[in-house]
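Chemist: In our numbering, the protein residues as written are 109 to 274.
Where is the CB? At the ideal position from N, CA and C, for every residue including glycine.
Here the structure is a predicted model, which is why all the values come from computation and not from measurement.
Here it is: the structure, laid out below.
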Ligand code: SME
């Protein structure tokens with residue numbers, strides 16, 4: 109029998125905690141998080157990181173590790189997209205219907221909803237975790253908690269082991 113929603117969130121959180129202990133670098137942890145969320149969360153059809161490139165003016169988010177279809181958006185300025193909105197405000201953005209959000213930059217025609225969670229390093233936005241779903245309104249409170257938890261752990265990793273975007 110498939111796990112109920114709360115059980116599923118707990119199970120995946122435990123997996124994330126295990127990865128957090130076992131990872132040997134920020135890069136390794138970030139890659140493992142994308143794989144785990146993409147594999148275990150059936151509605152998470154694209155999972156990836158965008159990280160702020162250091163020293164670039166104007167600031168730009170650069171695609172990092174991801175799982176899912178190739179995206180044309182490998183570099184996103186902060187005034188562009190849902191990604192730019194989350195990074196520039198430092199707030200999680202959840203979009204239930206991307207076709208109704210004028211900020212949305214299309215990655216795949218199948219995408220219906222999206223969540224973007226900023227990653228903070230010593231109080232400043234350093235990047236974000238972006239997840240797209242082929243299902244409308246795929247991201248509820250439990251999803252938001254889970255993705256924010258992952259973003260917090262990545263922030264802590266980056267504080268002790270900084271990585272530059274690839
Ligand atoms: N949809 C994002 C762009 C990134 S792709 O989804 C991978 C946005 O609107 O910023």
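Which complete beta strand (DSSP E) runs does the stretch 147-197 hold, if anything under 3 residues is left out?
Modeler: Listed in chain order, they are 154-160, 168-175, 183-185.
Chemist: Taking all protein chains shown into account, decide if residue 219 is buried (16 or more other Cβ within 10 angstroms of its Cβ) or exposed.
Modeler: The residue is buried, with at least 16 neighbouring Cβ atoms inside 10 Å.
Chemist: Are residue 221 and residue 205 close, meaning C-beta to C-beta below 8 Å?
Modeler: Cβ distance < 8 Å, so residue 221 and residue 205 count as in contact.
Chemist: Just to check, is the beta-carbon of residue 266 closer than 7 Å to a non-hydrogen atom of ligand 1?
Modeler: No, since every heavy atom of ligand 1 falls outside the 7 Å radius drawn around the Cβ of residue 266.
Chemist: Tell me residue 233's beta-bridge partners as DSSP assigns them.
Modeler: Note: residue 233 sits in a beta bridge opposite 228.
Chemist: Out of 268, 176, 183, 140, state which residue places its alpha-carbon closest to the alpha-carbon of residue 169.
Modeler: Residue 169 has its Cα closest to that of 183, out of 268, 176, 183, 140.
Chemist: Let's see if you can read the secondary structure: which residues bound the beta strand (DSSP E) around residue 201?
Modeler: 201-203 is the span of the beta strand (DSSP E), which, as asked, contains residue 201.
Chemist: Can we say the stretch 250-267 touches the stretch 169-181, given the rule of at least three CB pairs closer than 8 Å?
Modeler: Touching, no, given that fewer than three Cβ pairs across the two stretches are closer than 8 Å.
Chemist: Check whether the Cβ atoms of residue 176 and residue 155 sit closer than 8 Å, and answer yes or no.
Modeler: Yes, they are a contact pair.
Chemist: Give the range of the alpha helix (DSSP H) segment to which residue 126 is assigned.
Modeler: Looking at the DSSP string, the run of the alpha helix (DSSP H) that includes residue 126 is 113-130.
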